[in-house]
Amino acid sequence: MTKDLFREDSYLKSCEATITEINELNGIILDQTVFYPTGGGQPGDTGILKTVDGKEVKISTTVKSKENNDIIHVPAEGQDLPSIGTKVIAEINWETRYKYMRMHSAMHLMCSVVPCGVTGGQVGAEKSRLDFDIGEHTLDKEEITKAMNALIEADHETGTMHITTDELDANPDLVRTMSVQPPRIGGQIRLVKVGEDVDLQPCGGTHIKRTSEIGRILVSKIENKGKRNRRVNIVFDPA
Ligand SMILES: [Zn+2]
32 MTKDLFREDS YLKSCEATIT EINELNGIIL DQTVFYPTGG GQPGDTGILK TVDGKEVKIS
92 TTVKSKENND IIHVPAEGQD LPSIGTKVIA EINWETRYKY MRMHSAMHLM CSVVPCGVTG
152 GQVGAEKSRL DFDIGEHTLD KEEITKAMNA LIEADHETGT MHITTDELDA NPDLVRTMSV
212 QPPRIGGQIR LVKVGEDVDL QPCGGTHIKR TSEIGRILVS KIENKGKRNR RVNIVFDPA
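When you line the sequence shown up against our numbering, it's residues 32 to 270, in that order.
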C-alpha cells in the first residue's frame with residue numbers, strides 16, 4: 032500500500048520515493064507519494080519522477096488501484112521507464128494542483144451555502160461544478176456567489192479529524208454527497224472541517240488551509256438538469 036503523504040500535508044510538492052512495482056499497463060507504484068489519485072471528483076495529479084542520474088519520467092495522471100490502496104502513476108506514452116527499486120524524486124505539477132485545492136475547497140463552501148443534497152460534482156483547474164437535488168428550493172446565481180465569497184473573505188480555517196466507520200454509520204447525515212461514499216481506510220473515516228460550523232463532511236481530497244486562499248469566485252451558470260436537479264458551475268473571479 033502506497034503511503035499517501037498528501038493526506039497529512041496537501042502542500043507537499045515533492046518527495047523521495049522508491050519504485051516498488053511497475054504493473055502490466057506500465058503504471059508506476061511507489062512506496063510513498065505526493066501525487067493525489069483521481070477520486071471524489073478531483074482529477075489525479077500530473078508531474079514528473081526524477082532519477083538520480085537526471086532522467087525524468089512524465090506522469091500524465093494518477094489513479095487508485097481497484098484491487099488495493101496502491102496509487103498508480105500513469106506515465107505519458109513512449110518513455111523508457113526506470114526499473115523496480117530505483118529511487119526517484121516524485122514532483123507534482125503544483126500550479127495545477129493548487130488550483131484543484133482552491134476549487135475543491137470552494138466546493139465545500141458551496142455545500143454549506145446550498146441547503147440541498149449533492150448528487151455529483153467535478154473539480155477542474157479553471158471551473159468546477161456540483162449537482163444538487165433541489166427539491167422545493169430555488170437557487171440564485173448572485174446569492175450563491177455572494178454567500179461563498181463572504182465565507183472566503185471570512186478566512187475560515189480548515190482541518191481534518193477522524194471518526195470510525197461505526198460512528199459514521201450512526202450519523203449518515205454527515206455524508207453530503209449521495210453519489211460518493213467516503214473512502215474507508217482501516218475502519219477510519221477522515222472528516223474535513225471548515226471553520227467552526229461552515230462545513231463538516233467525510234472527504235479524502237486535498238484542501239487549502241484557510242478559505243482566503245481560494246480567492247474570489249463567481250457562479251458562472253446554473254444549469255437545469257431535470258425537474259429536481261441543478262448544476263452549479265463556478266470559476267475564479269477574473270475581476
Ligand atoms: Zn474535500
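The beta carbon of each residue, even a glycine, is placed where N, CA and C say it ideally should be. On a predicted model such as this, the values are computed, not experimentally measured, just so you know.
Look at the Cβ atom of residue i, then the Cβ atom of residue j, and state whether they are nearer than 7 Å.
i: S159; j: I59; result: no
i: P106; j: I90; result: yes
i: S143; j: D35; result: no
i: I44; j: G70; result: Reading the sequence as shown, one finds Lys at residue 44 and not Ile. No, the Cβ-Cβ distance between K44 and G70 is not below 7 Å.
i: I175; j: V250; result: yes
i: I245; j: D268; result: no
i: L170; j: I253; result: yes
i: P68; j: T93; result: yes
i: I102; j: T64; result: yes
i: I220; j: R133; result: no
i: K130; j: A156; result: yes
i: N124; j: G78; result: yes
i: D76; j: R38; result: no
State the Cα-Cα distance for the pair residue i and residue j, rounded to the nearest angstrom.
i: N202; j: A48; result: 38 Å
i: W72; j: A185; result: Looking at the sequence provided, one finds Gly at residue 72 rather than Trp. If I take the Cα positions, the gap works out to 26 Å.
i: K177; j: M192; result: 29 Å
i: G217; j: G116; result: 27 Å
i: H187; j: N255; result: 31 Å
i: E196; j: V223; result: The sequence shown places Thr at residue 196, rather than the Glu named in the question. Roughly 15 Å separates the two Cα atoms.
i: D200; j: R215; result: 11 Å
i: K81; j: E122; result: 8 Å
i: H139; j: E108; result: 35 Å
i: L205; j: P146; result: 13 Å
i: S41; j: G236; result: 9 Å
i: S136; j: E198; result: 24 Å
i: Q110; j: V88; result: 7 Å
i: M141; j: L182; result: 10 Å
i: E227; j: N54; result: 44 Å
i: M179; j: F163; result: 16 Å
i: E52; j: I194; result: 32 Å
i: R261; j: Q153; result: 14 Å
i: I50; j: E98; result: 18 Å
At a Cβ threshold of 7 Å, is residue i touching chain D?
i: G218; result: Absent here is chain D; the protein component of the structure consists of one chain.
Using the Cβ count rule (16 or more neighbours within 10 Å means buried), how would you classify residue i?
i: M32; result: exposed
i: P233; result: buried
i: L56; result: exposed
i: D84; result: exposed
If you run the structure through DSSP and keep just helix, strand and coil, what is residue i?
i: P68; result: coil
i: R133; result: helix
i: N260; result: strand
i: M192; result: strand
i: T176; result: helix
i: A48; result: strand
i: E227; result: coil
i: S114; result: coil
i: H139; result: helix
i: I239; result: coil
i: L249; result: strand
i: A121; result: strand
* To do: Just jot down, in chain order, the residues whose CB lies closer than 6 Å to any heavy atom of ligand 1.
  => Those satisfying the condition are, in chain order, H135, H139, V223, C234, G236, H238.
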